[in-house]
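Under the numbering used here, the letters of the sequence shown match residues 975 to 1049, in that order.
Note that the Cβ used here is the ideal one computed from N, Cα and C, for glycine as well.
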Amino acid sequence: MIILMLSAFNLAIAQQKKVIAYIPNWIDLNAFSSTIQYSKLTHINIAFENPDANGYLTFNSGSNAIINASTCTKH
C-alpha cells in the first residue's frame, strides 16, 4: 500500500510543468534581471556559469542580481 501511495505521489510530481529560462551570462545581467517575469518561471539556467569549490557561482557577478531576484519571488 505504501509503495502504491509513493508511486502516485512521484507520478504527480513528474507531471508538473516546468518553465525554464535560459540566460547567457555574456549579456548585462544586472539590467536584464529587472525584465524577467520570475513568477512565470520554475527554473532559471544561466549559461556558462561554473561553481567554485564551495558551490558558489563566480564567473559573472551580474548573476547575483538574477539569483537574488529569483529567490525573493519564490513562495
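- Proximity to Ser1044 across Glu1023, Asn999, Ser1013 and Leu1003 peaks at Ser1013, based on C-alpha coordinates.
- For Asn999, DSSP assigns no beta-bridge partner whatsoever.
- Under the three-state reduction of DSSP output, Ala1027 falls in the coil class, being neither helix nor strand.
- DSSP, reduced to helix, strand and coil, places Ile1010 outside both helices and strands of the structure shown, so it counts as coil.
- When rounded, the separation of the alpha-carbon atoms in Asn1042 and Ala1005 is 14 Å.
- Beta-bridge analysis with DSSP links Asn1038 to no other residue.
- Minimum Cα-Cα distance from Phe1022 among the listed residues Asn999, Lys992, Val993 and Tyr1030 corresponds to Asn999.
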